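Have a look at the structure below before the remarks.
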Amino acid sequence: MASLSWDLTRRDGVTLVELVATAEAEEWIRVTSRLQPVWPPRRQGVPVAGWDGASFEGRVGPDAPLVLGYASPAAPQEPPARLEPVDADNEPPDGAGVSPRAIVRTLGESAPPRDVVPVDPSASQADGGGCTAAGTATADDPAAAIDPWLDAVEERLAEAERLADVAGVEEARGAVDTVGGIEGARRLRAQLEADRRHLRALGERQQRLADRLAAVEIPLSTLERVT
């Protein structure tokens with residue numbers, strides 16, 4: 137059975153939710169947010185593939201943790217989501233069930249490439265406010281998808297380093313207070329252990345993908361001759 141860990145950040149009236157699902161065996165799962173409404177990341181104006189209302193369905197495995205991020209105006213609560221397995225008979229077959237929304241995702245934007253359009257910083261602030269970042273994490277912008285999680289890991293690591301470097305009783309008390317007391321320190325230690333596992337798994341997957349990218353080459357000239 138898959139397990140779920142999470143990190144919650146409340147900022148400017150918006151709760152940012154970071155979920156990581158892990159499993160010892162490969163399985164298909166459904167993650168449903170307890171925070172309502174849900175603002176999932178979007179692409180071409182529609183939720184990215186896998187999202188359906190407040191739920192996300194996807195596959196998780198020993199070397200492939202499922203990392204999700206979304207936002208909600210609701211107040212934080214723990215756990216922020218519930219996890220349940222999806223019956224193998226109900227798993228969507230590869231390439232089947234293509235919806236109009238999925239077709240929209242495959243189409244390019246009806247606008248010039250961003251490289252040739254001047255950027256107006258004031259326009260992005262006026263249009264998106266505090267929740268734009270949560271809505272721009274797409275496959276076309278991997279940094280937008282992974283950077284918030286890495287930032288959260290860095291913040292937790294900085295807190296842990298402050299706890300590790302205390303030099304006296306008063307300093308220790310102050311450092312413990314900043315993380316929510318001794319229970320907060322215990323939660324931080326547990327979260328860091330989860331971070332280690334997730335980063336190790338992501339690093340191994342990144343290396344496998346990098347090796348495959350280095351080995352593949354599209355025979356474009358041959359394809360041009362036969363098409």
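So for the sequence shown, my numbering puts the first residue at 137; every next one is plus one.
Here a beta-carbon is modelled for each residue, glycine too, at the ideal position from N, C-alpha and C.
The structure displayed is predicted, hence computed values, not measured ones.
Please classify residue i as buried or exposed, where buried requires at least 16 neighbouring CB atoms within 10 angstroms.
i, result
"GLU295", "buried"
"VAL167", "buried"
"ASP148", "exposed"
"LEU356", "exposed"
"GLY339", "exposed"
How long is the line joining the alpha carbons of residue i and residue j, rounded to whole angstroms?
i, j, result
"GLY316", "ARG178", "34 angstroms"
"GLU154", "SER169", "11 angstroms"
"ARG195", "ALA300", "37 angstroms"
"GLN172", "THR363", "50 angstroms"
"ASP143", "PRO183", "21 angstroms"
"ARG361", "GLU162", "41 angstroms"
"GLY189", "PRO176", "9 angstroms"
"ARG341", "GLU306", "43 angstroms"
"GLU290", "GLN327", "12 angstroms"
"ASP283", "ARG322", "25 angstroms"
"ASP186", "PHE192", "Sequence inspection shows Gly at residue 186; the Asp mentioned does not correspond to that position. Approximately 5 angstroms, taken between the alpha carbons."
"LEU152", "LEU219", "18 angstroms"
Could you round the C-beta distance between residue i and residue j to whole angstroms and report it? I think they count as a contact, below 8 angstroms.
i, j, result
"MET137", "PRO221", "7 angstroms"
Using a Cβ-based criterion (distance less than 8 angstroms to any ligand heavy atom), does residue i qualify as near the ligand FAD?
i, result
"ARG179", "Because no ligand of any kind appears in the structure shown, any question about the ligand FAD cannot be addressed here."
Helix, strand or coil: which one does DSSP assign to residue i?
i, result
"PRO134", "Only positions 137 to 363 of the chain appear in the structure, and residue 134 is not among them; the question remains open."
"GLY194", "strand"
"VAL289", "helix"
Could you pull the DSSP bridge partners for residue i from this structure?
i, result
"ARG147", "VAL150"
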